[in-house]
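If you're matching positions, the sequence shown starts at 28 in this note's numbering and goes up one per residue.
We put the beta carbon where it would ideally sit given N, CA and C, even for glycine.
Nothing here was measured: the structure is a model prediction, and the numbers come from that model.
Notes follow once the structure below has been shown.
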Amino acid sequence: MVEKWIEEYTIQSVDADFKGDCRWSSLLSILQRAADRHIEALGISREEMIERGMGWMLITLELNMQRMPRDMETVYVDTWSRGSKGALWHRDYRIKNGDGEMLGEARSVWALVDIHKRKILRPSMFPFEVPIGQETVGELPSKAVLPEGVQLDEAYTYMVRYSGIDTNGHLNNARYADLCFDVLDVQELREGQVTGFKITYHNEARLKDTMLIRRSVEENNRVYVQGISPDGTNFFEAAIVRES
28 MVEKWIEEYT IQSVDADFKG DCRWSSLLSI LQRAADRHIE ALGISREEMI
78 ERGMGWMLIT LELNMQRMPR DMETVYVDTW SRGSKGALWH RDYRIKNGDG
128 EMLGEARSVW ALVDIHKRKI LRPSMFPFEV PIGQETVGEL PSKAVLPEGV
178 QLDEAYTYMV RYSGIDTNGH LNNARYADLC FDVLDVQELR EGQVTGFKIT
228 YHNEARLKDT MLIRRSVEEN NRVYVQGISP DGTNFFEAAI VRES
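This is how it looks when you write it as structure tokens:
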């Protein structure tokens, strides 16, 4: 039984930003791929899960990076399950390069869902045993919550289109990172270093849904971002952690 999965990936030009660093959305995609591959290694493919009417829904992800991998750099993502607590599953990640340098760590919260009824399933409904890793990268992550009283201003409006939806018919979780980082202006992108990203997904965004993307000013080295619909549906809340 595979307790830990190691995913190897070389950063491609399509993954890199204008500075040659891996985009945060691309890194989230790599983490997602590693989690999928680990579940497949336990004996159930994504196709079989779809046939059973099951899917995984990411609830919260907290990612802290000492540095981002660079264009053409090979990374190794170690991932393992920390088991379930109540109805939710917890998964950790470590990200290293080929020299064994620690680049970053992540913690995540997932739910097993009925993809037709859009309801959360009990962990006991998963048909395979999931081994629990003995390592942790910190406390279980809390939700990304906007601080009380934080002022948010509208940055731009986004409509979910073909380019963002995945096989589940909703905006893929990795694409939300692009929505968040698109609120940063040129000076913020060029100066300082982003060391962390935390996001909680509240409601699915589907094709043709409209989001009002709102952001705060930088406060305590954090920029808070939220996506809501015109009628007030809260799609996500997130925080970008910047090093001055």
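(message) Starting from His143, trace the beta strand (DSSP E) in both directions and tell me its first and last residue.
(response) By 1-based counting over the sequence shown, the position of residue 143 is 116. From DSSP, His143 is part of no beta strand (DSSP E); its letter is neither H nor E.
(message) Whole angstroms are fine: how far does the CA of Trp32 sit from the CA of Gln161?
(response) Locating residue 161 in the sequence shown gives position 134, where the first residue counts as 1. Locating residue 32 in the sequence shown gives position 5, where the first residue counts as 1. Computed Cα separation, rounded: 13 Å.
(message) Give the list of continuous alpha helix (DSSP H) stretches no shorter than 4 residues that lie fully inside the region 193-250.
(response) With a minimum length of 4 residues, the continuous alpha helix (DSSP H) runs that stay inside the region 193-250 are 202-208, 213-217.
(request) Taking Arg217 as the reference, give the member of Ile240, Glu270, Leu54 with the closest Cα. (result) The residue labelled residue 217 in the question sits at position 190 within the sequence shown. Comparing Cα positions, the closest option is Glu270.
(message) I need the boundaries of the alpha helix (DSSP H) containing Ile57, first residue and last residue.
(response) Position 30 of the sequence shown, counted from the start, is the residue given in the question as residue 57. Per DSSP, Ile57 belongs to the alpha helix (DSSP H) from 51-68.
(message) My parser needs the beta strand (DSSP E) runs of 3 or more residues fully inside the region 77-157; what are they?
(response) Residue ranges of uninterrupted beta strand (DSSP E) with 3 or more members, entirely inside the region 77-157 and ordered along the chain, are 81-92, 101-112, 115-124, 129-141.
(message) For a quick check, are the C-beta atoms of Leu115 and Ala133 less than 8 Å apart?
(response) Working through the sequence shown from its first residue, we reach residue 115 at position 88. Working through the sequence shown from its first residue, we reach residue 133 at position 106. Contact flag unset, no.
(message) So, at 7 Å on beta carbons, what are the nonlocal neighbours of His65 in its own chain, with the 5 sequence-adjacent residues on each side left out?
(response) Your numbering for residue 65 matches position 38 in the sequence shown. Non-local C-beta neighbours of His65 in its own chain, meaning closer than 7 Å and more than five positions away in sequence, comprise Val29, Trp32, Thr106, ordered along the chain.
(message) Nearest by alpha-carbon distance to Leu88: which of Ser56, Ser40, Glu100, Ile192 is it?
(response) For the purposes of this step, residue 88 is taken as the residue at position 61 of the sequence shown. Comparing C-alpha distances from Leu88 to each of Ser56, Ser40, Glu100, Ile192 shows the shortest one belongs to Ser56.
(message) Using C-beta distances below 6 Å, list every residue in its chain close to Leu173, excluding the 5 sequence neighbours before and after it, in chain order.
(response) Numbered from 1 along the sequence shown, position 146 holds the residue referred to as residue 173. In chain order, Tyr251, Glu264 place their CB closer than 6 Å to the CB of Leu173, counting only its own chain and leaving out the 5 sequence neighbours on each side.
(request) Less than 8 Å between the CB atoms is what I'm expecting for Gly70 and Phe155, so what's the real figure, rounded? (result) By 1-based counting over the sequence shown, the position of residue 70 is 43. By 1-based counting over the sequence shown, the position of residue 155 is 128. Yes, Gly70 and Phe155 are in contact; Cβ-Cβ is about 5 Å, under 8 Å.
(request) Report the rounded CA-to-CA distance for Lys112 versus Tyr120, giving the unit in angstroms. (result) Within the sequence shown, numbered from 1, the residue matching residue 112 stands at position 85. Within the sequence shown, numbered from 1, the residue matching residue 120 stands at position 93. Answer to the nearest angstrom: the Cα atoms are 18 Å apart.
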